[in-house]
Amino acid sequence: SWQWPDSELAAQFETALPDDPSSAAEAVLVLNVSGSISDAEVPASLADLPRWTVTLSGTTPGPSPLRSLADLAAFSSAARRLFADIERHAKHTQRLHVLAALPLSAAVELGRVHDANVHSCLAVYHRTGGAYQLALEIS
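For what it's worth, the numbering used here labels the leading residue of the sequence shown as 1411, then goes sequentially.
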């Protein structure tokens, strides 16, 4: 049966916080793990919102960025820290617009660590026709 390969080194993730997220009711979360979403790809309606970014560090994002259970656990920790940072620095943010270049395992993990009773509503976008469109809201 299939299982994650063993790995001694886990992937590392960097989180960039917006300059002043504290008063915004809405913000953007860009997740660059299996690909890179450029500033130009963020929908114009979201461009002026505070932007949080999580990026795979030490390597160029690609189609197979999470190669072990340790890599997935590192992403889970980064997602937990991100939600804690948003709660700490931007407690009044009610809606987080999510633009994600993620493998499926990381997307499931993001949903698993999101707590609707504590965290902002997630407005999840998908890329279609070269642009990001709202696909799903999770409250």
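Just so you know, even glycine gets a beta-carbon here, dropped at the ideal spot from N, CA and C.
Sixteen is the threshold: when 16 or more other Cβ atoms of the shown chains lie within 10 Å of the Cβ of LEU1459, as they do, the residue is buried.
Secondary structure of ARG1477 (DSSP, three-state): coil. In the structure shown, the three-state DSSP call for LEU1466 is strand. Taking every protein chain shown into account, the CB of GLU1547 has fewer than 16 other CB atoms within 10 angstroms, so this residue is exposed. Counting only runs that start and end inside the stretch 1419-1446, the beta strand (DSSP E) elements of at least 3 residues fall at 1422-1426 and 1436-1442.
Setting aside the 5 residues that flank it on each side, ALA1489 is surrounded in the same chain by GLU1519, LEU1520 and VAL1523, each with a C-beta closer than 7 angstroms to its C-beta; the list follows chain order. In the three-state DSSP reduction, VAL1508 falls in the strand class (E or B).
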